[in-house]
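J.:
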Amino acid sequence: MTQGVLKVTVVGAKNLKDEDAIGKSDPFVELWIDHNYKQRTTTKQGTLNPVWNETFTFNLTSSNHTLHLRVLDDDTVKDDKIGDTKVDLKEVIQHGRVDKEYKIPALFGLSNHGFVHLILEHTHHH
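For the sequence shown, my numbering begins at 1 and goes up steadily by one.
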């Protein structure tokens with residue numbers, strides 16, 4: 001049973017942790033609600049403050065109200081993980097629209113690996 005549509009605009013990120021030993025990271029974001037259906041932004045070359053302004057659409061089901069985000073550094077050999085965060089969608093389902101920066105926690109939660117700016121919009125099916 002679907003509970004409407006979630007539109008996620010990945011506006012950008014700032015102060016990302018630099019995962020590259022040489023040069024700057026080439027960040028992109030993976031996002032998913034259902035692990036089997038991942039979407040991703042384009043890769044931005046050589047920046048820790050990328051701007052994407054890319055919009056993605058997800059169908060919401062009653063059972064799944066968590067949006068997962070993973071920020072990665074696009075590397076030729078293997079993509080390095082900059083950080084993960086989860087967004088509870090209750091707020092956007094309640095209010096219809098949330099425009100917010102989300103912290104990307106460090107692995108052990110002591111500091112953070114930057115922020116990702118999202119605009120979340122929820123519409124009900126009629």
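C-beta atoms are modelled at their ideal positions from N, C-alpha and C, and glycine is treated no differently.
How far does the beta strand (DSSP E) with Ile82 in it reach, from first residue to last?
T.: Start at 1 with the first residue of the sequence shown, and residue 82 comes out as number 82. Asp80 to Asp88 is the span of the beta strand (DSSP E), which, as asked, contains Ile82.
J.: Where do the N-terminal and C-terminal ends of the beta strand (DSSP E) with His113 fall, by residue?
T.: The residue labelled residue 113 in the question sits at position 113 within the sequence shown. His113 -> beta strand (DSSP E) spans Asn112 to Thr123.
J.: Can you name the residues that DSSP bridges to Pro27?
T.: Locating residue 27 in the sequence shown gives position 27, counting from the first residue. Asp73, per the DSSP bridge assignment.
J.: Using C-beta distances below 6 Å, list every residue in its chain close to His113, excluding the 5 sequence neighbours before and after it, in chain order.
T.: Taking the sequence shown and counting its residues from 1, the one referred to as residue 113 is at position 113. So the qualifying residues of the chain are Lys17, Ile82, Gly83, Ile104 and Ala106.
J.: Hey, quick one: how far does the beta strand (DSSP E) through Asp18 stretch, first residue to last?
T.: What you label residue 18 is simply residue 18 of the sequence shown in a count that begins at 1. From DSSP, Asp18 is part of no beta strand (DSSP E); its letter is neither H nor E.
J.: How about Val151 and His122: are their beta carbons less than 7 Å apart?
T.: Because the chain here runs from 1 to 126, residue 151 falls outside it and cannot be looked at.
J.: Per DSSP, Glu101 forms a beta bridge with which residues?
T.: Sequence index remark: in the sequence shown, residue 101 carries index 101 (1-based). Partner(s): His117.
J.: What is the residue span of the beta strand (DSSP E) that Leu60 lies within?
T.: Taking the first residue of the sequence shown as 1, we reach residue 60 at position 60. Residues Val51 to Thr61.
J.: DSSP beta-bridge partners for Lys7?
T.: Along the sequence shown, one-based indexing puts residue 7 at 7. In DSSP, Lys7 forms a bridge with Thr57 and Glu121.
J.: Could you tell me if Ser63 is buried or exposed, where buried requires 16 or more neighbouring beta carbons within 10 angstroms of its beta carbon?
T.: For the purposes of this step, residue 63 is identified with residue 63 of the sequence shown, where counting begins at 1. Exposed.
J.: Using a Cβ-Cβ cut-off of 7 Å (strictly less than) and excluding sequence neighbours within five positions of Lys100, which residues of its own chain qualify?
T.: What you label residue 100 is simply residue 100 of the sequence shown in a count that begins at 1. Contacts found: Leu118.
J.: Please report the straight-line C-alpha distance between Ser25 and Leu72, rounded to a whole angstrom.
T.: Mapped onto the sequence shown, residue 25 falls at position 25. Mapped onto the sequence shown, residue 72 falls at position 72. The alpha-carbon atoms of Ser25 and Leu72 are separated by roughly 9 Å.
J.: Could you check how far apart the C-beta atoms of Asn53 and Lys14 are, in whole angstroms? I think they sit under 8 Å.
T.: By 1-based counting over the sequence shown, the position of residue 53 is 53. By 1-based counting over the sequence shown, the position of residue 14 is 14. That pair is no contact at about 14 Å.
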